[in-house]
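**Student:**
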């Protein structure tokens, strides 16, 4: 079945460690996104990529890094520079038609807890 | 920055009643989308309305868009307990290449 796969579902990290969250899609979408969600809050955009080998910072990119070496994959690294990394992380992908962003398809999320 | 803001933040209704959620935004848009999120899960797309459309229906969902007021509403008719979830609007601002989400409305449908 086509979709977005995020892993791991749950992740625990000690302070000072970098962690990488995986996001893979088999929908053949050009655009991919990473959002952060804090309890009871909306989604805030971390990074997005419109095409392979290109990505842009979102609203809260500090302390995060990404790569887009393959169309199917858009991993997110939460670095030790991120001051408050405990959150629910959501990856999504979409098509773009005529400059418009279409429907986003989301993964099931990765919950990161810093111990 | 939050482009869309939903109102109310929380809504509790009885099964069978209608639920109305509102979304306001700040800049010109290509389209506006509504999503649903069950607790601890990813978001699921419900409906997309383009800037040149005023109303759209999908099953028990009705979405309206008023670009002059920069606002949209989502109506869920004949609600069911299974409709309990958080609902988010998201705007595709012109020349932005990204969707910006609002803070969401938490809907509780009591059996």
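Chains as they are written, first to last, in our numbering: chain A, 1152 to 1266; chain B, 102 to 212. All C-beta atoms in this analysis are idealised placements derived from N, C-alpha and C, irrespective of residue type, glycine included. Every value quoted in this text rests on a predicted model; they were computed, and no experiment measured them.
1) Is the beta carbon of residue 1183(A) closer than 8 Å to that of residue 1199(A)?
2) Would residue 1179(A) pass as an interface residue toward chain B - the criterion being a Cβ-Cβ separation below 8 Å?
3) Using the beta-carbon of each residue, which ones in chain A are nearer than 9 Å to residue 142(B)?
4) Could you have a look at residue 184(B) and say whether DSSP puts it in helix, strand or coil?
5) Identify the residues that DSSP records as bridge partners of residue 1206(A): which are they?
6) Within its chain, find whatever has a CB closer than 7 Å to the CB of residue 117(B); leave out the 5 residues flanking it on each side and keep chain order.
7) Anything in chain B within Cβ reach of residue 1176(A), meaning under 8 Å, just list it in chain order.
8) By the DSSP assignment, the beta strand (DSSP E) with residue 1216(A) in it spans what residues?
9) According to DSSP, which residues form a beta bridge with residue 213(B)?
10) If we define contact as Cβ-Cβ less than 8 Å, is residue 1171(A) a contact residue for chain B?
11) Evaluate residue 1153(A) with the Cβ neighbour count: other Cβ atoms within 10 Å of its Cβ, from every protein chain shown; 16 or more gives buried, anything less gives exposed.
**Tutor:** A quick look at the data gives this:
1) yes
2) No, residue 1179(A) does not count as interfacial toward chain B.
3) 1257, 1259 and 1260
4) Helix at residue 184(B).
5) Bridge partners of residue 1206(A) according to DSSP: none are assigned.
6) Once the five neighbours on either side are set aside, the close Cβ partners of residue 117(B) are 179 and 180.
7) Correct list: empty, because the minimum Cβ distance to chain B is about 12 Å.
8) 1215-1217
9) Absent from the model: residue 213(B). The displayed extent of chain B is 102 to 212, so no value can be given.
10) Taking Cβ atoms only, chain B never reaches closer than 8 Å to residue 1171(A), which makes this a no.
11) exposed
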